[in-house]
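Undergrad: Submitted below is the structure of interest, expressed as structure tokens.
Here's what the structure looks like:
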């Protein structure tokens, strides 16, 4: 009986260690609102994080995808108060969308700290009532 308990404990401890120094970026929620009648996606950068990439997709329409990834020396700065650039992606009423934003820290990467990036995502629907855009978060 003691061997079974010892083996089970060791298994659980070893399984827990697999998550230490996990190089995969952590996932966070992006904030989606409407600013000046346009969909606005905001994230909360930390430290020296800059915008490494953004992907916007209309759910169910593989042809309505916008993706932009920035070279290391071209990553724009982001603040919590500014909208993520979307190259004027056309969000249409009655449709659902998914947004993914990648922020990358050059300092973390150059110092070998993992994960050096963080991912932000959101799912939402857009309503257009009386020429006013509204955003409804996905459930």
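In UniProt numbering, the protein residues as written are 1 to 139. Even glycine gets a Cβ: it sits at the ideal position worked out from N, Cα and C.
(1) Could you tell me the boundaries of the alpha helix (DSSP H) in which residue 42 lies?
(2) Between which two residues does the alpha helix (DSSP H) carrying residue 110 extend?
(3) Taking all protein chains shown into account, decide if residue 43 is buried (16 or more other Cβ within 10 angstroms of its Cβ) or exposed.
(4) Compare the Cα-Cα distances from residue 23 to each of 53, 62, 104 and 132 and report the closest residue.
(5) Can you look up residue 128 in the DSSP assignment and give me helix, strand or coil?
(6) Between 115, 112, 101 and 129, which lies nearest to residue 56 when the distance is taken from Cα to Cα?
(7) Among 131, 49, 45 and 54, which has the Cα closest to the Cα of residue 93?
TA: According to the data block:
(1) Counting along the chain, residue 42 falls outside any alpha helix (DSSP H), though it belongs to the beta strand (DSSP E) covering 38 to 42.
(2) 106 to 110
(3) buried
(4) 104
(5) strand
(6) 101
(7) 131
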